[in-house]
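Data first, discussion second: the structure below is written as structure tokens.
In UniProt numbering, the protein residues as written are 1 to 254.
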């Protein structure tokens, strides 16, 4: 039984092809998997678990999407696949209620888990992008429980509007940033590996899928980066028993 890892699907009602592709992938690839790790930015935005209470009349389509995705994950969990959800920079308000309805467990960022015979560090990846000082300031605020409580106390329409505003601001800001600023800081990668006593790091966030060979205090190490999903293709890492992690792009069938 293999373990699968994915990241950065950015599911939202305006991208139905990605949703259909993921659901087909979940049925085809994750059926029978030992575990599935979703390393953040599963949703393009998440305004709070009370979104699940909205009826079919929800004009945005977010509630229906959330319930459909939760149901599909729960079906895999009921079949015996352990499902883990990590917060990303887009869906940091994902809570225990959604996780329960999806048959999943929330996974702290960072986390060290055993994949195959190896201890591996899992992260979303945004905390490694320390050269982007403006984003790091926002990240610090967005992870503050008091700030989150204030956001969750707002009416749902206001939260939806705020999420759109933040996405628009992020897109505009990123268009003016140098490419290297939005990538991970190499020294942060080395420090994270050293701090957690591992030689393999898996993350998403940067949308730059690759396997990077490193050296950590004279020992070979690696950083494996998951890619983001598009209407026709996604990215996965598979860890089969006794084998090293394999990064691959997969064709999606909606």
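Just so it is clear, CB atoms sit at the ideal spot from N, CA and C, and this is done for glycine as well.
Host beta strand (DSSP E) of residue i (start-end)
i: residue 234; result: 233-239
i: residue 86; result: 82-86
i: residue 39; result: 35-39
For residue i, the three-state DSSP class (helix, strand or coil)
i: residue 101; result: helix
i: residue 111; result: strand
i: residue 154; result: coil
i: residue 44; result: coil
i: residue 119; result: strand
i: residue 9; result: coil
i: residue 73; result: helix
i: residue 280; result: Outside the modelled stretch of the chain, which goes from 1 to 254, sits residue 280, for which no answer is possible.
i: residue 252; result: coil
i: residue 96; result: helix
i: residue 54; result: coil
The alpha helix (DSSP H) enclosing residue i, as first and last residue numbers
i: residue 220; result: Not the alpha helix (DSSP H): residue 220 falls in the beta strand (DSSP E), residues 219-225.
i: residue 194; result: 186-196
i: residue 26; result: 16-28
i: residue 133; result: 133-142
i: residue 208; result: Neither: residue 208 is in no alpha helix (DSSP H) and is coded neither H nor E.
Reference residue i, options the options, closest by Cα
i: residue 68; options: 105, 52, 5; result: 52
i: residue 112; options: 56, 31, 37; result: 37
i: residue 238; options: 90, 16, 35; result: 35
i: residue 188; options: 211, 145, 208, 216; result: 216
i: residue 249; options: 227, 66, 50; result: 227
i: residue 91; options: 196, 73, 15, 66; result: 66
i: residue 61; options: 148, 79, 46; result: 46
i: residue 74; options: 88, 101, 89, 50; result: 101
i: residue 8; options: 240, 224, 207; result: 207
i: residue 50; options: 44, 80, 98; result: 98
i: residue 224; options: 88, 158, 122; result: 122
i: residue 39; options: 5, 148, 71, 119; result: 5
i: residue 198; options: 146, 143, 156, 115; result: 115
i: residue 118; options: 138, 196, 148; result: 196
i: residue 158; options: 14, 48, 1; result: 48
Straight-line gap, residue i to residue j (C-alpha atoms, nearest Å)
i: residue 3; j: residue 214; result: 24 Å
i: residue 107; j: residue 85; result: 6 Å
i: residue 141; j: residue 162; result: 15 Å
i: residue 218; j: residue 103; result: 41 Å
i: residue 64; j: residue 55; result: 8 Å
i: residue 12; j: residue 165; result: 15 Å
i: residue 10; j: residue 236; result: 15 Å
i: residue 16; j: residue 252; result: 12 Å
i: residue 211; j: residue 221; result: 10 Å
i: residue 109; j: residue 124; result: 7 Å
i: residue 25; j: residue 72; result: 11 Å
i: residue 186; j: residue 42; result: 25 Å
i: residue 79; j: residue 240; result: 19 Å
(message) With three or more C-beta pairs closer than 8 Å as the rule, is the segment 227-247 touching the segment 6-23?
(response) Yes, the segment 6-23 touches the segment 227-247.
(request) Pair every Cβ in the segment 202-214 with every Cβ in the segment 241-253, then say whether three or more of these pairs are closer than 8 Å. (result) As far as the Cβ criterion goes, the segment 202-214 touches the segment 241-253, which means the pair count is three or higher.
(request) Would you check if the segment 182-192 and the segment 120-134 touch, i.e. whether three or more CB-CB distances between them fall below 8 Å? (result) Touching, per the Cβ criterion.
(message) Assess contact between the segment 26-37 and the segment 145-163, defined as three or more Cβ pairs (one per stretch) separated by less than 8 Å. Is contact present?
(response) No, they do not touch.
(request) Could you tell me whether the segment 132-141 touches the segment 94-108, where touching means 3 or more Cβ pairs closer than 8 Å? (result) Three or more Cβ pairs closer than 8 Å define a contact, and the segment 132-141 falls short of that threshold against the segment 94-108.
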